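Have a look at the structure below, then the notes.
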Amino acid sequence: MMPQKPTYYQPALLISFLCFVLFCIIALGVQSNADWINWVDQLIANPIVASATQNKTSFFIFITRLGGVPVMSTAVVLFSSFLIWQSKNKRLAIWYISQSILGAGALNILVKVLFQRERPTIEHLVIQGGFSFPSGHSMGSLISYGGIAFLIFYLYKKSTLSIGVLVIAILLILLIGLSRIYLGVHFPSDVIGGYLLGTSWLTLLIALFPKLIKQN
């Protein structure tokens, strides 16, 4: 008898589909410059931007760097090396590197070019070029740090370590998204869109995980 696949793979494809549908709704609103998108952006962004202080700015500049390409690229390399050393299974490292590069990198760039949304016109507290939708920091951190949390859970099951890493990953991902709004370089809909597309991508790769690593 073939062993049963872990239960957390079973709903992953459904979650991926639902998040993609929600992303498409946000994307259509952004593309058409819908009133409800502008209303949501102002409702969320105005109190966040208005609460700015010197200490908060320093904190969020530090946090936003954790979602940037240099730090996340380093995290991907280090964690992939850890996977090869700890599990002796190169397929885990290949899965993680591939889903991070293709999702946080190629997919995000492709969608940004497709929509070409300009960034907010308010003062930017950090230098940031490129297009705005979806937020690369939000999408990339969810895919890369979320991937780490998933693989730690896969390796160590429901241990204190895996739960701790999951909690830290969730807090970090949320703070990175918040930092992009606070620093004035993204609309809230950029961040929400990044989370939704990132979740859709990550859960799709989780659903395919047993086949991609040839797990029975």
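Under our numbering, think of the first position of the sequence shown as 952, with each following residue one higher.
In this text, a Cβ means the ideal position worked out from N, Cα and C, and glycines have one as well.
Nothing here was measured: the structure is a model prediction, and the numbers come from that model.
8 Å contact criterion, which residue i and residue j should meet: CB distance rounded
i     : j     : result
C975  : T1154 : About 16 Å separates the two Cβ atoms, so there is no contact after all.
R1042 : I1164 : 4 Å
I1014 : S1089 : With 8 Å as the limit, I1014 and S1089 do not qualify as a contact, their Cβ atoms being about 12 Å apart.
V1136 : H1075 : 5 Å
Alpha-carbon to alpha-carbon, residue j and residue i
i     : j     : result
S983  : V1022 : 34 Å
N997  : S1032 : 42 Å
I1124 : G1081 : 21 Å
G1097 : I977  : 22 Å
I1127 : L1106 : 26 Å
T1111 : V1000 : 36 Å
I988  : T1025 : 35 Å
Q1005 : A1044 : 40 Å
I1078 : G1115 : 33 Å
Three-state secondary structure assigned by DSSP to residue i
i     : result
G1135 : coil
Q955  : Note that Q955 scores 46 on pLDDT, short of 50, meaning its location in the model is unreliable; the coordinates nonetheless yield the value given after this. Coil at Q955, not helix or strand.
N1006 : helix
F1082 : coil
K1039 : coil
H1075 : coil
G1097 : helix
P962  : coil
K1063 : helix
S1032 : helix
G1019 : coil
N989  : helix
N1167 : Confidence in N1167 is poor, its pLDDT being 44 and thus under 50, which makes the residue's placement unreliable; the coordinate value appears in the next sentence. It is coil, neither helix nor strand.
N997  : helix
S1130 : helix
K1162 : helix
For residue i, the nearest candidate out of the options (CA to CA)
i     : options                       : result
I1119 : I1099, Y1107, R1016 and H1137 : I1099
W1152 : I1035, I1052, T1072 and G1115 : I1052
S1002 : I1132, G1145, D1141 and L1159 : I1132
A963  : T1150, V981 and I995          : T1150
L1093 : S1113, F1010, S1083 and L1117 : L1117
T1072 : I1045, Q993, A1057 and L1156  : Q993
F1101 : G1019, I988, N1040 and Y1047  : Y1047
W990  : L1147, L1148, K1039 and F1138 : F1138
A1055 : T1004, L1148 and Q1079        : L1148
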